[in-house]
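Residue numbers (the working numbering), protein chains in the order written: chain A, 1 to 287; chain B, 288 to 624; chain C, 625 to 905; chain D, 906 to 1052. By construction, the Cβ of each residue, glycine as well, lies at the ideal position given by its N, Cα and C atoms. First the structure, in the form of structure tokens, and then the observations on it.
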Amino acid sequence: MKTKKIQDIARKLLKEKKVDVVIGFEKGTLPSSATPCFIRNPDEVDRLIWNSFCGNNLANYLPKRKDKIGIVAKGCDSRSIVVLIQENQIKREQLYIIGIPCDGMTDKNNVLHDYCLICEHKNPVIYDVLVGEKVKENKAQRHPEGLRDTKWQKIEDFEKKSSSDKWKYLESELSKCIRCNACRNACPTCYCKECFIDQEKPRWVGTTNNLSDIIFFHLGRIFHQAGRCTDCGACVRACPMNIDLRQFTQKITKDGETLFDYETGLDIDVKPPFATFKEDDSEDFIK
Amino acid sequence: MKSKVLAKKDLLKFINKLIKEYDVFAPVKKEEGIVFSKIDKTDDMCLSYSNTKNSVKEFLLPQSEKLFRFAKKENTNEITDLKEKKRRSLLFGVRPCDGKAIAMLDKVFLENIPDAYYKRRRKNTLIIGMACDTPLQTCFCTSVEGGPFSIEGLDALFVELKENYFIIPVTKQCEKLFVHLDNASQEDIKEAEKLKKNAEKRLKPVFEIKDIKEKLDGAFDNPIWEEIHEKCIKCGICTYLCPACHCFDIQDETVGEEGCRVRNWDSCMFPKFTMHASSHNPRATQKERWRQRIMHKFNYLRENTGMYGCVGCGRCVEYCPVNLDIRKVIRDILESK
Amino acid sequence: MNNPYLPIPMIIKNITDETTVKDIKTFELAFLNKEDEKNFSYLPGQFAEISILGSGEAPIGIASSPTEKEILKFTVKWYEKGVVTNALHNLFVGDKIGIRGPFGNSFESKNIKNKSVVVIGGGFAFTTLRSLTTYMIHSHNRNKFENITIIYGARSPDDLIYKKELKEWAERDDIKLYVTVDKGDKDWKGREGFVPTVVEEVAPSAQEASAIICGPPIMIKFTIPKLVELGFSPENILNSLEMRMKCGIGKCGRCNIGNKYVCKDGPIFSLAELNDLPKEY
Amino acid sequence: MNKNSKFRAKIRQPKIIAFLCNWCSYAGADLAGISRLQYPPNVRVIRVPCSGRMNPLYIIRALQHGVDGVLVSGCHPGDCHYITGNYYARRKFAIINSLLQYVGIEKERVHFSWVSASEGGKFAEVIKQVTEDVKKLGPAKKLVKKI
């Protein structure tokens, strides 16, 4: 159903030359898989599909592109697109967003991803055309203290641990890292032209698989995601070693929401948290 | 050398004996999946694996290897060569595809000017393979001149029969490990032969490898490269998990007054791989990098070493975050004009 | 164990600024161990990995000639992004560094002996050409070559490197030297014009001659057609390439052009060889 | 290295890096000096143009390369020489501070303060307190890079 509609929209866009390319999904080479594809020819739109394996965040392909793009976007993709527009990585006018309300994506065993379980923006927040009916959002109940209970449960539990336990967990997770950079490269909002780990003059992070350097890389990357991470799960999905990166990226998202009352990727016109300030921002940690 | 048999129930005893003499590395089940890792006791070992997540190349060409140490004192450049490890290593349960990759690495690192570090490790390591009878969907070893029972690069190959392990010793070095074992009977040989045929039958080649070299010779300017790379996200999963990828980088690491020169895996997928100091980059976009990856594996290495740089283990296929399937790439190239 | 990754200890004996902006320096290095010096035999065209502990290594063409005993010369340009070149430019006379090498093939491996040689250089790429020229005009070797023509161009008079030697060479009558600059200054009395134009003008005979060309890509691009016009065969037009290299022995996998490794099979390639290789450099 | 750690084990003198903004905290430190206020000598100062210049990764990098504690100090909110530098910095500090604690870096390792050019006394106090806190924790082990 949705597949057909996406194909029709893409065909029309390409025929009318409204866009140069449509970025969507096609059938993957493995069972239970879909893979990003770039369609330029209206005759090829039949390759486009839509199913529950279309997990990749296609916004990843947008930064610094010059052409006009039709892009298939789920809720999380659309939020990443908003971030990219906010941060001048792509212009709104370049995009024709084919929004798709999403019921959550599944892994190859047909199990819903855990980040989809707590997703609060299944419907695209920005789009030019919507494929299918909007789905019911699963807004978590506000906790009396103002935090969302289900959403942040995992983070709050972790916060209560002792420093040594926290550190032990961090080390045990990150010691799996092989520094393939897939988490960074799969992330739509990791778009720096030169990442701090690639900088050579001066060199920020050592080049080896030294655990201290690996931790530095991940902490640095996670910090840079403040105000950018939409919890789309691209990094954990890409990681070949199954590192639990969301345990850390979610903390950044939570802090953004609780400290600055900023939820990522909802409105193009709102400034990201690090690009603005309030005079009464909390500073109880400062002497 | 005669084939041997080892009763399945005696395997752990056999491995335990090896642990006394060697640093034994074998498949171990961990949180991230089944990985090749050092084992101190046989309980750690997990033999119900299709293939390990990491390849065994990291025991011959570690992800980061210290070449030498130095002290950064004023006006000196004293260096200390690192010492050799005394205990020998033994890799147990290496799949034939990984074994073939080692044979390829040997060509690169031991021929012409031998690489001192690789040579040292290689001489110090015994590699015992485990034939593969349950190939995965991602496996394609038979498409790249390999096979689920290939012995290339291995010192010995184990084949799992019903009650026994059928052992094919390949090199002299491992013969002494098996001297006390019984010789294989005709029946065992037949059973192993049958398993081999069955496994090979299950792995129909997915492309004709003979055509690919010729095709690639004239394919440098083929427009297909424009498309192939498009969804690649420039990460290093394919090259880091690949048992045959061996490109490396040499860097200096310092902390305070001390430092060491290290070599790290590098990946042709990374933009900085070929970047000159003058900022000129001969392989400036992912298009050139993908072309290099395919050309290196299927054309240049074949020409220089007689072997392909791909052994069909399927890791890059399985773990690529965007499902950029090398098998499909090759098929697309073969079909292109 | 013979370990190709261990650097040979050297000491900096002299540093010369080649230009007034001081972005190109020539380092004269001497061996710390006599043994190493004996084992280090090289020919013009080869390069070495300069190793600075803590910074790393960079491949640099050897600018001295084997006829110059005891020292090795390297001329290095400062690049903003170059980690090693930066570190090198911060060193002083007396500092110790290391080198690995010599690596690669030499001009001689391309059959240039007993022929005329036309050396064409541009900018600071003249380093290995200096090595070759010094080598050829040495009294032991001069009779192994027929006519020697040297054409060297740079953007401005200041960008010419090895100014002192150029002067000496100009006084010799057994070689022909043409130095040109894109645009001279008020003190410049020599030629003005681009290298390809000068090549056309002086039209060295292609008969039994090799042309060796080394310089910025744009110069090479326009000079090669001129040489072909003059009748140089592709086998006799030699080009020295540069690439990012790490190991220097054909293992690390980044400097290949097609199936050839610049560090091992190059850096000197004839035009005939290059025509067979993909254009990826 | 070895010699160094032995030395440290014996006397337990922590090494602390202080990133001070040029206009307020650095001047505050100067004033403390001129006023001959006593404070522990464990702090090495790195002057930054503004607390807004502080890349929070400096903190991680310092911890990685063997300091036991970090102090970051700038002008009081509203007093920034560049008008709003420290307001932006405050947001970054809030996030990095929270993240570091979240991954298990002890709260007492990393400190933030506002010290103006006239607060020589406060500067001495802050340094005293930071030094004490870090001393209590002992030498940093997490994140320290060894090769």
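* Coil, strand or helix - residue 867 of chain C by DSSP -> Assigned with DSSP and collapsed to three states, residue 867 of chain C falls in coil, not helix or strand.
* **The beta strand (DSSP E) enclosing residue 356 of chain B, as first and last residue numbers** => Looking at the DSSP string, the run of the beta strand (DSSP E) that includes residue 356 of chain B is 351-358.
* To do: Have a look at residue 603 of chain B and residue 415 of chain B and give me their C-alpha separation to the nearest angstrom.
  => Taken atom to atom, the span from the alpha-carbon of residue 603 of chain B to that of residue 415 of chain B is near 24 angstroms.
* To do: Excluding the 5 residues preceding and the 5 following residue 271 of chain A in the sequence, name in chain order all residues of the same chain whose CB lies nearer than 6 angstroms to its CB.
  => There are no such residues.
* Asked: Which residues, in chain order, does the stretch 383-415 of chain B contribute to contact with chain C at a C-beta distance below 7 angstroms?
  -> Result list: 395, 396, 399, 400, 402, 403.
* What is the rounded straight-line gap between the Cα of residue 580 of chain B and the Cα of residue 525 of chain B? -> Counting only the Cα atoms, residue 525 of chain B lies some 10 angstroms from residue 580 of chain B.
* Among A:126, A:194, A:161, A:7, which one has its Cα closest to the Cα of residue 559 of chain B? -> When each option's Cα is compared against that of residue 559 of chain B, the closest is A:194.
* Determine the direct distance from the alpha carbon of residue 53 of chain A to that of residue 109 of chain A, and round the result to whole angstroms. => The alpha-carbon atoms of residue 109 of chain A and residue 53 of chain A are separated by roughly 10 angstroms.
* **Cβ pair residue 785 of chain C, residue 642 of chain C closer than 7 angstroms** => Result yes, Cβ atoms of residue 785 of chain C and residue 642 of chain C sit closer than 7 angstroms.
* Asked: If the cut is a Cβ gap below 8 angstroms, which residues of chain A does residue 965 of chain D touch?
  -> 216, 219, 220, listed in chain order.
* Which of helix, strand or coil DSSP assigns to residue 61 of chain A -> Per DSSP, reduced to three states, the secondary structure at residue 61 of chain A is helical.
* Asked: At what residues does the beta strand (DSSP E) containing residue 382 of chain B begin and finish?
  -> Run containing residue 382 of chain B: none; DSSP gives neither H nor E here.
* To do: Could you check which residue in C:751, C:770, C:723, C:705 has the C-alpha nearest to that of residue 688 of chain C?
  => Nearest of C:751, C:770, C:723, C:705 to residue 688 of chain C, Cα basis: C:751.
* is_contact[residue 999 of chain D, chain A] using C-beta, thresh 7 angstroms -> Yes, its Cβ sits closer than 7 angstroms to a Cβ of chain A.
* **C-alpha distance - residue 391 of chain B paired with residue 971 of chain D, whole-angstrom precision** => Straight across, the Cα-Cα distance linking residue 391 of chain B with residue 971 of chain D is about 42 angstroms.
* Grouping DSSP H, G and I as helix and E and B as strand, with all else coil, what is residue 979 of chain D? -> Under the three-state reduction of DSSP output, residue 979 of chain D falls in the strand class.
* Rounded to the nearest angstrom, how far is the Cβ of residue 209 of chain A from that of residue 351 of chain B, given a contact under 8 angstroms? -> Contact flag correct, Cβ pair sits at about 5 angstroms.
* Following the continuous alpha helix (DSSP H) through residue 578 of chain B, name the residue where it begins and the one where it ends. => Judged by DSSP secondary structure, residue 578 of chain B falls within the alpha helix (DSSP H) whose first and last residues are 573-582.
* Which residues, taken in chain order from the stretch 966-1000 of chain D, show a beta carbon closer than 8 angstroms to some beta carbon of chain A? -> Cβ proximity to chain A below 8 angstroms picks out 966, 969, 982, 983, 989, 992, 993, 995, 996, 997, 998, 999, 1000 from the stretch 966-1000 of chain D.
* How about residue 616 of chain B: is its C-beta nearer than 7 angstroms to some C-beta of chain D? -> No, its Cβ sits nowhere closer than 7 angstroms to a Cβ of chain D.
* Asked: Taking C-beta to C-beta, are residue 242 of chain A and residue 319 of chain B nearer than 7 angstroms?
  -> A contact, by the Cβ cut-off of 7 angstroms.
* To do: Compute the beta-carbon to beta-carbon distance between residue 115 of chain A and residue 246 of chain A, rounded to the nearest angstrom, for a pair I have assumed lies under 8 angstroms.
  => Beta-carbon to beta-carbon, residue 115 of chain A and residue 246 of chain A are separated by about 6 angstroms, close enough to satisfy the 8 angstroms threshold.
* Using the rule of at least 16 other Cβ atoms within 10 Å of the residue's Cβ for burial, across every protein chain shown, is residue 983 of chain D buried or exposed? -> A residue is called buried once 16 or more other Cβ atoms fall within 10 Å of its Cβ, and residue 983 of chain D, having fewer, is exposed.
* **Any alpha helix (DSSP H) of 4 or more consecutive residues that is wholly inside the stretch 984-1012 of chain D** => Within the stretch 984-1012 of chain D, the complete alpha helix (DSSP H) runs of at least 4 residues are 990-1008.
* Helix, strand or coil at residue 931 of chain D [DSSP, three-state] -> In the three-state scheme derived from DSSP, where H, G and I count as helix and E and B as strand, residue 931 of chain D is classed as helix.
* Note down, in chain order, every chain B residue with its Cβ under 7 angstroms from the Cβ of residue 904 of chain C. => Contact note: residue 904 of chain C reaches chain B through 569, 570, 575, using a C-beta cutoff of 7 angstroms and chain order.
* Asked: Checking contacts by CB at 7 angstroms: is residue 152 of chain A closer than that to chain D?
  -> No - not a single Cβ of chain D is within 7 angstroms of the one on residue 152 of chain A.
* Could you name the residues that DSSP lists as bridge partners for residue 683 of chain C? => BP columns for residue 683 of chain C point to C:673.
* **residue 706 of chain C (DSSP reduced to helix, strand or coil)** => Coil.
* Taking residue 101 of chain A as the reference, which of A:89, A:157, A:72, A:83 has the closest Cα? -> Distance from the Cα of residue 101 of chain A is smallest, within the candidate group A:89, A:157, A:72, A:83, for A:72.
* Buried/exposed call for residue 842 of chain C, threshold 16 Cβ in 10 Å -> Exposed.
* Give, in chain order, every residue of the stretch 778-798 of chain C whose Cβ lies closer than 9 angstroms to some Cβ of chain B. => None of the residues of the stretch 778-798 of chain C has a beta carbon lying less than 9 angstroms from any beta carbon of chain B.
* Asked: In chain order, which alpha helix (DSSP H) runs of at least 4 residues are fully inside the stretch 161-210 of chain A?
  -> Annotation note: the stretch 161-210 of chain A contains the following uninterrupted alpha helix (DSSP H) runs of length 4 or greater, listed N- to C-terminal: 163-174, 182-186.
* Nonlocal neighbours in the same chain, by C-beta distance under 6 angstroms from residue 146 of chain A, ignoring five residues either side -> With a pLDDT of only 49 at residue 146 of chain A, under the threshold of 50, the placement of this residue in the model should not be trusted; the figure read from the coordinates follows. Excluding the 5 residues flanking it on each side, residue 146 of chain A has no same chain C-beta neighbour closer than 6 angstroms.
* Cutoff 7 angstroms: residue 201 of chain A Cβ touching any chain C Cβ -> With 7 angstroms as the cut-off, residue 201 of chain A counts as an interface residue toward chain C.
* **Cβ of residue 1010 of chain D within 7 angstroms of any chain B Cβ** => Taking Cβ atoms only, chain B never reaches closer than 7 angstroms to residue 1010 of chain D, which makes this a no.
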